[in-house]
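**Student:** I have a structure I would like to understand better, so I am pasting it below and will then ask my questions one at a time.
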Amino acid sequence: MKKIIAISALLTSLLAIAGPKEDINKAEDLFKKGKNEEAIKILKESKNVKGEEAEYERINYFLAQNAKTNEEAIEYLKKAAENPKSNSQVAVQANIYLANSAKTTKEKIKYLEILNERLNKNDLDTLSVLAALYKVENETSKFNDIVKLIENTKRQDTIDNFNLLLGRALLGENKESDGISYLNKAANSKFVNIKSGVYLAYADYYLAKKDVKNATRYLNGASVDKDNYYLISNRFLNYIGDVKTAYSYAEKAYNNSPAVNEYLNYVFVLSTITKDSKGEAKYANLLKKKGAKNITLAVLLYNNGINESAEKYAKLALKDKSKDADLLLSLIYGNTGKIDLAITHAKKAVANKLTGADNILKQLEAIKKQAK
């Protein structure tokens, strides 16, 4: 049912943007009646008509998103992007997917060249990746044309940013000497965000080589741009495993941008991992001031694999008489091997008629039976 509603909502949004078109109207009516296969068939048989190109692109993009195989998705994406002159968001996104799924460098270049034209040769990400691939394929003239195009802008921020992106792209293609050369050019930028980006690029380069010492040095260097505190923290946490330093940068990220909920959620999670009770209380209270409940905090921690702290907040949620607390506790105890406790809470969740509780209870009882 949820999928039907989601599909119907998407098609409704297409209508709102593009106006009523016959195939979309028919499909929407069928989706509402639960006749999904008939609706999909109509969309699959839809033909491109002059004046309705945008709707045709959207239909095929929708079909690609709901394709059963990657090969089928690619075919619909090709239809969504078949007009090389279209610069609609759908055509651009389809083009990007096709480039990313290309099986050869030459095929990727083909799609990126089309994408570059769609974007009026103004997108630095596309230009930098395309230039890097030209370098790989020894297409020197085309590579130089892109470099000249950037230099002709006479904008130092554009030139520096391109050098940063090109350096990254070249390193990703194992063109190390060329990549480092362009990163070094960008490192001289007077723009703090670009300089920080260079440090992050070098940090990623050394992380790939498992050189933690140099990676750490460049990650700390990237802190010249406060807006990158979160990215720095994420790398310390997920690539180096330095939770303490990750927490420090997480706090800086939140303090620099307290309105960003993602940063507050993140620093709260790290406060529990580092066992900073004062920090945990502080960030939990800040979250509650923004409307979070104990069950919200419990789910957040559970989703991040922090079962011990999730259990604590789930128990508090029980005292709050949260209907979802028993279900969550059944999952937590199931994960930690406390099957009997998990079953007890799952039964309470079933009694409260919570969605999915029946299946969870059956799974837990099966686990207990197998353990005997």
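Going by this note's numbering, 1167 is the number at position 300 of the sequence shown; the sequence numbering is gapless.
Ideal Cβ positions, reconstructed from N, Cα and C, are used throughout, including at glycine.
To the nearest angstrom, how far is it from the Cα of L1154 to the Cα of N1132?
**Tutor:** Spanning the two alpha carbons is a distance of roughly 8 Å.
**Student:** Mind checking whether E905 and P951 have CB atoms under 8 Å apart?
**Tutor:** No, they are not a contact pair.
**Student:** Three-state secondary structure (DSSP) at T1211?
**Tutor:** The answer is helix: DSSP assigns T1211 an H, G or I state.
**Student:** Nearest-angstrom Cα distance between S1124 and A1117?
**Tutor:** Computed Cα separation, rounded: 11 Å.
**Student:** Where does the unbroken alpha helix (DSSP H) through L1074 begin, and where does it stop?
**Tutor:** That run of the alpha helix (DSSP H) goes V1059 to A1075.
**Student:** Given A1151, which residues of its chain have a CB within under 7 Å of its CB, disregarding the five upstream and five downstream residues?
**Tutor:** Result list for A1151: F1135 and L1164, in chain order.
**Student:** Assuming D1193 and K1215 form a contact by the criterion Cβ under 8 Å, report the distance between their Cβ atoms to the nearest whole angstrom.
**Tutor:** That pair is a contact at about 4 Å.
**Student:** Between Q956, N989 and T993, which has its C-alpha nearest N967's C-alpha?
**Tutor:** The residue with the shortest Cα to Cα distance from N967 is T993.
**Student:** If you pair each beta-carbon of the region 1085 to 1093 with each one of the region 1065 to 1074, do three or more pairs fall below 8 Å?
**Tutor:** Touching, yes, given that three or more Cβ pairs across the two stretches are closer than 8 Å.
**Student:** Ignoring anything shorter than 4 residues, give me the alpha helix (DSSP H) runs that lie fully in the region 1097 to 1172, in order along the chain.
**Tutor:** Taking only runs of at least 4 residues, the alpha helix (DSSP H) segments lying wholly in the region 1097 to 1172 are 1110 to 1123, 1128 to 1140, 1144 to 1156 and 1161 to 1170.
**Student:** Does the region 925 to 943 come close enough to the region 971 to 978 to have 3 or more Cβ pairs within less than 8 Å?
**Tutor:** Contact between the region 925 to 943 and the region 971 to 978 is absent, because fewer than three Cβ pairs lie under 8 Å.
**Student:** Mind pulling the alpha helix (DSSP H) runs of 4 or more residues that sit fully within the region 964 to 991?
**Tutor:** List check, alpha helix (DSSP H) in window: 972 to 985.
**Student:** My guess is that E1232 and I1210 are in contact by the Cβ rule of under 8 Å, so how many angstroms apart are they, rounded?
**Tutor:** That belief holds up - the Cβ atoms of E1232 and I1210 are roughly 6 Å apart, short of 8 Å.
**Student:** Can you have a look at R1022 and say buried or exposed, based on whether 16 or more other CB atoms are within 10 angstroms of its CB?
**Tutor:** It is exposed - the Cβ of R1022 has fewer than 16 other Cβ atoms within 10 Å.
**Student:** For the alpha helix (DSSP H) containing A948, list its first residue and its last residue.
**Tutor:** Here A948 belongs to no alpha helix (DSSP H), and DSSP marks it neither H nor E.
**Student:** Out of curiosity, what's the CA-to-CA distance linking N1081 and I1013?
**Tutor:** Cα-Cα distance, rounded: 32 Å.
**Student:** Could you tell me the distance, in whole angstroms, from the CA atom of S1048 to the CA atom of L1031?
**Tutor:** So the two alpha carbons sit approximately 10 Å from each other.
**Student:** Determine the closest residue to S953 out of N933, I1017 and G918, with distance taken between C-alpha atoms.
**Tutor:** It is G918.
**Student:** Under 8 Å, Cβ to Cβ, is there at least one residue of chain C near V959?
**Tutor:** Of the chains in the structure shown, none is chain C; there is only one protein chain.
**Student:** Is it buried or exposed for K1062, if we count other Cβ within 10 angstroms and need 16 for buried?
**Tutor:** Per the 10 Å Cβ criterion, buried.
**Student:** What's the gap between the Cα of I1140 and the Cα of A948?
**Tutor:** Answer to the nearest angstrom: the Cα atoms are 46 Å apart.
**Student:** Kindly indicate the opening and closing residues of the alpha helix (DSSP H) around D1027.
**Tutor:** It spans Q1023 to G1039 - the alpha helix (DSSP H) in which D1027 sits, taken as one unbroken run.
**Student:** What does a CB cutoff of less than 8 Å around Y1096 pick up in its chain, not counting 5 residues either side in sequence?
**Tutor:** Only S1090, Y1116, A1117, K1119, A1120 and N1123 meet the Cβ criterion.
**Student:** DSSP three-state label for P1205, please.
**Tutor:** The sequence shown places Lys at residue 1205, not Pro. Note: K1205 maps to coil in three-state DSSP.
**Student:** In chain order, what residues of the same chain lie with their CB nearer than 6 Å to the CB of L1183, ignoring the 5 residues before and after it?
**Tutor:** Taken in chain order, the residues that qualify are N1161.
**Student:** List the endpoints of the continuous alpha helix (DSSP H) containing A1224.
**Tutor:** Here the alpha helix (DSSP H) through A1224 covers A1224 to A1238.
**Student:** Thinking C-alpha only, which one of E912, N1019 and K946 is nearest Y928?
**Tutor:** Minimum Cα distance to Y928 is reached at K946.
**Student:** Helix, strand or coil for L930 per DSSP?
**Tutor:** L930 falls in the helix class under three-state DSSP.
**Student:** Which residues in the same chain as A1213 place their Cβ atom closer than 7 Å to its Cβ, once the five residues preceding and following it in sequence are excluded?
**Tutor:** S1197, A1224, I1227, L1228 and L1231.
**Student:** Please state whether DSSP places V916 in a helix, a strand or coil.
**Tutor:** It is coil, neither helix nor strand.
**Student:** Run through DSSP, which three-state label would T1020 get?
**Tutor:** Looking at T1020 - three-state DSSP - the assignment turns out to be coil, as it is neither helix nor strand.
**Student:** Should T1139 be listed as close to the ligand ZN, given that the test is whether its C-beta is under 7 Å from any heavy atom?
**Tutor:** The ligand ZN is not among the ligands present in this structure, which contains no ligands whatsoever.
**Student:** Count the other CB atoms, across all protein chains shown, that sit within 10 Å of the CB of V1217; report buried if there are 16 or more and exposed otherwise.
**Tutor:** Label assigned to V1217: buried.
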